[in-house]
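*Asks:*
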């Protein structure tokens, strides 16, 4: 099994990788399908199903689909241009994708929210269709946004295409047990094996510059979050807190107010800064999703700024190790909140961050695997119940607590020799089973939990 670090960590736009980035990517894929078709199209339409319908407005899924059909993609998203394009489409009821003729599209009539049962393949389903002048569908495709910005057609999902063919990489591990066995046999670290796999598909310079770029976007996102204030969009009137917390922490340095437990506040504020930016629709990196985007960069920034001996030269080791764990979870379970609850998002992110931190703290492969298992184990059963369908409450604070758990998990693992009762593979399988058994109310539909028990929402 091979899943690139650049598939786990993707530069995109908030507030959701599965509900914003994924639908935008699906729309772009459908445009390619239209361009390759011999038909002459006059209109286009879209239908959102399952979680994409129930929380679509709060997650800006409708906006993402419209912008995707207009030719926008997450990698180079420009918010100012996007707002102008949305206004034009809503006024003119016409959409003009690059390389295609003008197409009739009225957002109110041609973008449907189906609140019935989910499509059979996944909770995040959408159907796109292109029509002739009579309104008859000439071309149609079903897409599933399966988490972390990954998109599959109905046929791809049925064929089980979860990852690239692992036979062409030197260390093709599909389970944590295989990963540890290969590490023992080769004498290489998890990051070294992951690096060898990446280089076999590209070159060392692309890997170095790519990971450097990923961290730059992550860290810039933290900085914007620490410097921004105001109220987040969406109607909950949630105020940004990261700037105020950060200023308070800075003012307490060197004073008798700087109690040891306040290191938790530093860890939290870095993660929360990212998720406040995500909630505002800013540029973030999936890690492995947007809803959990703050945990990995929060822990990495904590290590760089607060742990003696930390060095930027080891950022690549941290992120490669984290991506190896993220790939295992995605391949064997899920990173989608709509499929398995928040255990699949913040739980996966905490496992990744714990593994990355254990690696740069000098952990052995078995200690790293233990760190990931501890972090994931103590997120098992966590529901996804965003209030008003927005990626704000409980999501922002949950990233802060996920980062704290990741640091604690890595620290616990480093106190041992790697021997532990529950293997990471068993924990991942437990998460998959728990997600399958979990009520749909608690899987990113905003039909249960905090979403229905919080007054005035």
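In this note's numbering, the protein residues as written are 188 to 644.
The beta-carbon is built from N, C-alpha and C at its ideal position, and this holds for glycine as well.
From a predicted model like this one, the values you see are computed outputs, not experimental measurements.
Do you know whose CA, among 248, 416, 484, 228, lies nearest residue 593's CA?
*Replies:* 484
*Asks:* What does a CB cutoff of less than 6 Å around residue 351 pick up in its chain, not counting 5 residues either side in sequence?
*Replies:* Note that residue 351 scores a pLDDT of 49, beneath 50, so its modelled location is shaky and nothing firm can be said.
*Asks:* Quick test of your reading: residue 237 and residue 312, contact by CB under 8 Å. State the CB separation rounded to the nearest angstrom.
*Replies:* With 8 Å as the limit, residue 237 and residue 312 qualify as a contact, their Cβ atoms being about 5 Å apart.
*Asks:* Which term fits residue 232, buried or exposed, when burial requires 16 or more other beta carbons within 10 angstroms of its beta carbon?
*Replies:* buried
*Asks:* Per DSSP, residue 301 is paired with what?
*Replies:* 236
*Asks:* Indicate the three-state DSSP secondary structure (helix, strand or coil) for residue 326 in the structure shown.
*Replies:* Strand.
*Asks:* Apart from the five residues just before and just after residue 353, which ones in its own chain have a Cβ nearer than 6 Å to its Cβ?
*Replies:* Here residue 353 scores only 47 on pLDDT, less than 50, and its place in the model should not be relied on; the value that follows carries that caveat. The residues are 188, 189, 359.
*Asks:* Among the residues of its own chain, which have a CB less than 6 Å from the CB of residue 425, if the five just before and after it don't count?
*Replies:* 419, 579
*Asks:* In or out: residue 222 buried (at least 16 other Cβ within 10 Å) or exposed?
*Replies:* exposed
*Asks:* Let's test the definition: count the other Cβ atoms within 10 Å of the Cβ of residue 192 and tell me whether it reaches 16, buried, or not, exposed.
*Replies:* With 16 or more other Cβ atoms within 10 Å, it is buried.
*Asks:* I'd like the span of the beta strand (DSSP E) that includes residue 317, first residue to last.
*Replies:* 311-318
*Asks:* Considering only the alpha carbon of each residue, which of 498, 210, 539 lies closest to residue 514?
*Replies:* 539
*Asks:* Leaving out five residues before and five after residue 504 in sequence, what residues of the same chain have Cβ atoms less than 7 Å from its Cβ?
*Replies:* Excluding residues within five positions, the ones whose Cβ falls inside 7 Å are 378, 546, 547.
*Asks:* Alpha carbon to alpha carbon, how far is residue 382 from residue 335?
*Replies:* Rounded to whole angstroms, residue 382 to residue 335 spans 21 Å at the Cα level.
*Asks:* According to DSSP, is residue 369 helix, strand or coil?
*Replies:* helix
*Asks:* Can you give, in chain order, each stretch of the alpha helix (DSSP H) that sits fully within the region 466-537 and has at least 4 residues?
*Replies:* 482-493, 502-519, 524-527
*Asks:* Measure how close the beta-carbons of residue 573 and residue 631 come, nearest whole angstrom, since I'm counting them as under 8 Å.
*Replies:* 7 Å
*Asks:* Would residue 309 be called buried (16 or more neighbouring beta carbons within 10 Å of its own) or exposed?
*Replies:* buried
*Asks:* Pair every Cβ in the region 522-542 with every Cβ in the region 463-481, then say whether three or more of these pairs are closer than 8 Å.
*Replies:* Contact check between the region 522-542 and the region 463-481: three or more CB pairs, one atom from each, fall below 8 Å, which counts as touching.
*Asks:* Go to residue 340, then tell me how far its beta strand (DSSP E) extends in each direction, as first and last residue.
*Replies:* 337-340
*Asks:* Going by Cα to Cα distance, which pick from 357, 364, 216, 206 is closest to residue 555?
*Replies:* 364
*Asks:* Pull up the CB-CB distance for residue 466 and residue 577, whole angstroms please, since I reckon it's below 8 Å.
*Replies:* Indeed, because the Cβ distance is near 7 Å, the residues count as touching under 8 Å.
*Asks:* Apply the 10 Å Cβ neighbour rule to residue 306 and answer buried if 16 or more other Cβ atoms are within range, or exposed otherwise.
*Replies:* buried
*Asks:* Can you tell me the Cα-Cα spacing of residue 349 and residue 510, whole angstroms?
*Replies:* Low local confidence applies: a pLDDT of 47 at residue 349 is under 50, so the model's placement there is unreliable, and no value is given.
*Asks:* For residue 550, which option in 517, 526, 508, 527 has the closest C-alpha, if you only look at C-alpha atoms?
*Replies:* Cα-wise, what sits closest to residue 550 is 508.
*Asks:* Where DSSP assigns a beta bridge to residue 457, which residues make up the other side?
*Replies:* Paired residue(s): none; residue 457 is not in a bridge.
*Asks:* Do residue 214 and residue 260 come within 7 Å of each other at the CB atom, strictly closer than that value?
*Replies:* no
*Asks:* Consult DSSP for residue 291 and reduce its assignment to one of helix, strand or coil.
*Replies:* strand
*Asks:* Checking the sheet assignment: what are the DSSP bridge partners for residue 332?
*Replies:* 338
*Asks:* Which whole runs of the beta strand (DSSP E) in the region 210-286 are 3 residues long or more, in chain order?
*Replies:* Correct list: 230-237.
*Asks:* Rounded to the nearest angstrom, what separates residue 327 and residue 436 at their Cα positions?
*Replies:* 54 Å
*Asks:* Leaving out the 5 sequence neighbours to the left and right, which residues in its chain are closer than 6 Å to residue 362 when beta-carbon positions are compared?
*Replies:* 612
*Asks:* Taking buried to mean at least 16 other C-beta atoms within 10 Å of its own C-beta, is residue 390 buried or exposed?
*Replies:* exposed
*Asks:* Classify residue 447 as buried or exposed, calling it buried when 16 or more other Cβ atoms lie within 10 Å of its own Cβ.
*Replies:* exposed
*Asks:* Tell me where the alpha helix (DSSP H) around residue 553 begins and ends.
*Replies:* 552-564
*Asks:* DSSP on residue 189, reduced to helix/strand/coil?
*Replies:* Three-state result, residue 189: strand.
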